[in-house]
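Under the numbering used here, think of the first position of the sequence shown as 72, with each following residue one higher. Built from N, CA and C at the ideal position, the CB exists for glycine as well.
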Amino acid sequence: MKIRIVLGEQAITVALDGSAAARDFTLLLPLTLTLEDYAATAKIATLPRKLDTFGAPAGCTPQTGDFSYYAPWGNLALFHKPFTHSAGLVRLGRMEGDLALLRMPGPVSARLEAVSNAAR
72 MKIRIVLGEQ
82 AITVALDGSA
92 AARDFTLLLP
102 LTLTLEDYAA
112 TAKIATLPRK
122 LDTFGAPAGC
132 TPQTGDFSYY
142 APWGNLALFH
152 KPFTHSAGLV
162 RLGRMEGDLA
172 LLRMPGPVSA
182 RLEAVSNAAR
């Protein structure tokens, strides 16, 4: 499944993995979140509820473009730079597009929505 992150007039597409956490995330869509800076490597936002992480690895080492969920805090993490291994981090998918949009300083409003088959 693909979703779109709309930032102003521009968008980033995300190809979601087939994991239980990624499938559970899609049940929250559409969703409007405020993305905030984290460690100069990612934009993060708290989700309205925790995701099902059953069967997920205990952690991962995020790469540029990873669309992830940090289970201990219950938030999304959109990585525009690589980061160190993090226990509790679950990769949900991979972002495709201009990640410079995520490097804008300060909070930014984002709308996350499913991409319909016709729009692909």
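Between the Cα of residue i and those of the options, spot the shortest distance and give me the residue it belongs to.
i    : options                : result
Q134 : A127, W144, F150       : F150
I83  : P176, G164, P143, G177 : G164
K114 : A129, L102, R174       : R174
P176 : D95, L100, E107        : E107
D169 : K73, I74, M72, Q81     : Q81
G126 : S180, G89, S187, V186  : G89
Spatial neighbours of residue i within its chain, please: C-beta separation below 7 Å, excluding the five flanking residues on both sides.
i    : result
F192 : Since the first and last residues shown for the chain are 72 and 191, residue 192 lies out of range.
N146 : I115, A116, T117, L118
Can you tell me whether residue i is helix, strand or coil according to DSSP?
i    : result
L149 : strand
D95  : helix
R75  : strand
Near residue i, what residues of its chain come up, given a Cβ to Cβ distance below 8 Å and the 5 sequence neighbours on each side ignored?
i    : result
P128 : V161
Per DSSP, which one or two residues make a beta bridge with residue i?
i    : result
D137 : R165
R120 : Paired residue(s): none; R120 is not in a bridge.
Who are the Cβ neighbours of residue i in its own chain at under 6 Å, not counting the five residues just before and after it?
i   : result
V77 : R182
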